[in-house]
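Undergrad: Just so you know, the sequence shown maps onto residues 1 to 461 in UniProt numbering.
By construction, the Cβ of each residue, glycine as well, lies at the ideal position given by its N, Cα and C atoms.
What you are looking at is a predicted structure, and each value in this text was computed from that prediction instead of being measured.
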Amino acid sequence: MRTLIKGGTVLSPAGGVAADVLVEDERVAAVTAPGLFDTADTVLDATGKYVLPGGIDAHTHMEMPFGGTFSSDTFATGTTAAAWGGTTTIIDFAVQAKGTSLASTLDKWHEKADGNCAVDYGFHMIVSDVNDSTLKEMESCVDAGVSSFKMFMAYPGVFYSTDGEILRAMRKATETGSMIMMHAENGIAIDQLVAQALAEGKGDPVQHGLTRPSALEGEATSRAITLARVTGSPLYIVHLSAAEALSAVAAARDAGQNVFAETCPQYLYLSIEDLARPDFEGAKYVASPPLREKKHQADLWRGLRTNDLSVVSTDHCPFCFKDQKELGRGDFSKIPNGIPGVEHRMDLLHQGVVAGEISLGRWVEACSTTPARMFGLYPRKGVIAPGADADIVIYDPAATQTLSAETHHMAVDYSAYEGFELTGKVETVLSRGKVVVSPSGFSGGTGHGRFLSRDLCQYLN
Ligand code: URP
Ligand code: ZN
Ligand code: ZN
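1) Which word fits Gln297, buried or exposed, when buried means at least 16 other C-beta atoms lie within 10 angstroms of its C-beta?
2) Once DSSP output is grouped into helix, strand and coil, what is the label at Asp120?
3) Does the region 376 to 384 come close enough to the region 312 to 327 to have 3 or more Cβ pairs within less than 8 Å?
4) Can you tell me the Cβ-Cβ gap for Leu291 and Gly209, rounded? I've got them flagged as a contact below 8 Å.
5) At a threshold of 7 Å, does His124 count as lining ligand 3 (C-beta to nearest heavy atom)?
6) Go through the region 322 to 363 residue by residue and report every complete run of the alpha helix (DSSP H) that reaches 4 residues or more, in order.
7) When you compare the region 353 to 363 with the region 155 to 163, are there three or more beta-carbon pairs, one atom per stretch, that lie closer than 8 Å?
8) The beta strand (DSSP E) with Arg27 in it runs from where to where?
9) Report back the beta-carbon spacing between Ala82 and Gly444 to the nearest angstrom; my notes put them in contact at under 8 Å.
10) Can you give me the start and stop residues for the alpha helix (DSSP H) that residue 462 sits inside?
11) If you count every other CB in all the chains shown that lies within 10 Å of the CB of Ser140, and 16 or more means buried, which is it?
12) Please list, in chain order, all residues of the same chain as Ala94 whose beta carbon is under 6 Å from its beta carbon, the five residues on each side excluded.
13) Could you tell me the boundaries of the beta strand (DSSP E) in which Gly15 lies?
14) Any chance you could list the alpha helix (DSSP H) runs of at least 4 consecutive residues sitting entirely within the region 216 to 271, in chain order?
15) If you measure from each residue's Cβ to the nearest non-hydrogen atom of ligand 3, which ones come out under 7 Å, in chain order?
16) Would you mind stating whether Leu22 and Ala40 have Cβ atoms separated by less than 8 Å?
17) Should Ala261 be counted as a contact of ligand 1 given a C-beta to heavy atom distance under 7 Å?
18) Output yes or no for whether 8 Å exceeds the beta carbon distance between Ala76 and Val436.
19) Please work out which residues of its chain come closer than 8 Å, Cβ to Cβ, to Pro439, disregarding the five sequence neighbours upstream and downstream, and give them in chain order.
20) Hey, would you say Lys425 sits closer than 8 Å to Asp396, going by beta carbons?
21) Ends of the beta strand (DSSP E) at Asp45?
22) Skipping 5 residues on each side, what residues in its chain have a beta carbon closer than 6 Å to that of Ile5?
23) If we call anything under 8 Å between Cβ atoms a contact, is Arg8 one with Ile394?
24) Which class does Gln401 belong to by DSSP, given the choice of helix, strand or coil?
25) Residue range of the alpha helix (DSSP H) that Val194 falls in?
26) If you reduce the DSSP assignment to three classes, tell me which class Pro156 lands in.
27) For Gly352, I'd like the list of residues in its chain whose CB is within less than 8 Å of its CB, leaving aside the five on either flank, ordered along the chain.
28) I believe Glu262 touches Ala58 by the beta-carbon criterion, under 8 Å. Please report the beta-carbon distance rounded to the nearest angstrom.
29) Just reading off the beta strand (DSSP E) that Thr428 is part of, what are its end residues?
30) Please classify Ser128: is it buried, with 16 or more other beta-carbons within 10 angstroms of its beta-carbon, or exposed?
31) Please confirm if the region 220 to 235 is in contact with the region 335 to 347, defined as three or more CB-CB distances below 8 Å between the two stretches.
32) Across the region 202 to 222 and the region 235 to 245, are there enough close Cβ pairs to call them in contact, namely three or more that are closer than 8 Å?
33) Is Met181 helix, strand or coil by DSSP?
34) What does the Cβ neighbour count give for Gly382, buried or exposed, with the cut at 16 atoms within 10 Å?
35) Are the CB atoms of Pro386 and Leu275 within a distance shorter than 8 Å?
36) Would you kindly check if the distance between the Cβ of Phe451 and the Cβ of Thr80 is under 8 Å?
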């Protein structure tokens, strides 16, 4: 089965070239000068469009247990929404509950995802219980294609690890060549600020932001970097939101340390003003780290340009406003933490191209090529080149759209980007050679996505 994508501009981190792409079954067979091939079983006309490697969202939470509920997208609904938005690979977090093994956690996440995904998927492992046995199990996770481990300096009593526990896990990461991913917020200090606000009768969603100041993200980021330096471990800071944290990452990178970081669209486009919306509407914007003052956004865009921020992921973690965010009415600390976004990352970052914040090449690099290399998927994913999986997006840079809960495909009853008017829109999406989204609609299936056993980080190994 041959598919020819002709007449488009093929994008990579180096920019765009006029080229045709020939797909044979599940893989890219050739990228040629325009017009070299004429016939195929299917010909897709990409004239005036971009042809780019499918997006890789390296940070999602489908069906994630949190605060007595579960994030509202299943692997089926969440990966279908991802496909609609041009994301053809997700890496989701398996969550170790305290007292359980990493092996049983991985089994559980396979049970949820296997046979239910519309696009390919891999897992990171959240390690919340560091002991001799789980440290040993990190080795078998790497063998099973789960080569990155998230730890938390926040959420004492739930996911939190002490500095000593982090140090031990980092040593194991050094030994196995795997990656530690850090949620860097000083949770011990934050818990005090939260208790104080509640004692003063301050229960509104905006308090979520006020009790998690950016300085405490900067402090935790610096501490994580120091622990990584001491142990020789690489470090990937997840969902970086604050200028102070970015400075710490930039300084470590300038000093030659293997420190990487991602940010998320919500930190580039939304702010604490959204958290302060009246009538409990702010609950829609509760995530950790919290949305910051607008002044941080310019720093984050700069970080993306200079590569101090290498990846844009969504931290997609949807909770419905009506039944789930509601759990925290009157007590912001009980609002489930998370913002939906897996469907909109490619479009929102393309808007950064339109606004002149990043180049076309940087768009593709931060949203596809770098996550592939960071998490051991390159060159199977993240590039349009012979032999790569034919995960391909045909993108119309001139189309316009308005984001809304009325039209999105995520299983959540609100959009954090309601009313955003964007230039650029996904037209057609191929996942391993199969057209799963086209102008006629969704033609994929929730059994199509396959588990991706990942190698080690390809910037280091
Ligand atoms: O608020 C967030 N970010 N929820 C998901 C869990 C996490 O910390 O990534
Ligand atoms: Zn986190
Ligand atoms: Zn997350």
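TA: A quick look at the data gives this:
1) Classification of Gln297: buried, given that the 10 Å Cβ count is 16 or more.
2) strand
3) no
4) 6 Å
5) His124 Cβ: outside cutoff for every heavy atom of ligand 3.
6) 345 to 354
7) no
8) Arg27 to Thr32
9) The Cβ separation is near 10 Å, so there is no contact.
10) Examination of residue 462 is not possible in this model, given that the chain is present from 1 through 461 alone.
11) Answer is exposed; the Cβ neighbour count stays below 16.
12) Thr105, Leu106, Trp109, Phe123 and Met125
13) Gly15 to Glu24
14) 243 to 254 and 265 to 269
15) Cβ atoms closer than 7 Å to ligand 3 belong to His59, His61, Phe93, Val238, His239, Asp315 and Cys317.
16) yes
17) no
18) No. Outside cutoff.
19) Glu427 and Thr428
20) yes
21) That run of the beta strand (DSSP E) goes Thr42 to Asp45.
22) Val21, Leu44, Ala46 and Val51
23) According to the sequence as given, residue 8 is Gly; it is not Arg. Yes.
24) The answer is strand: DSSP assigns Gln401 an E or B state.
25) Gly187 to Ala199 is the span of the alpha helix (DSSP H), which, as asked, contains Val194.
26) coil
27) Leu268, Trp301, Leu304, Ile358 and Trp363
28) 7 Å
29) Glu421 to Ser431
30) buried
31) no
32) As far as the Cβ criterion goes, the region 202 to 222 touches the region 235 to 245, which means the pair count is three or higher.
33) strand
34) buried
35) no
36) no
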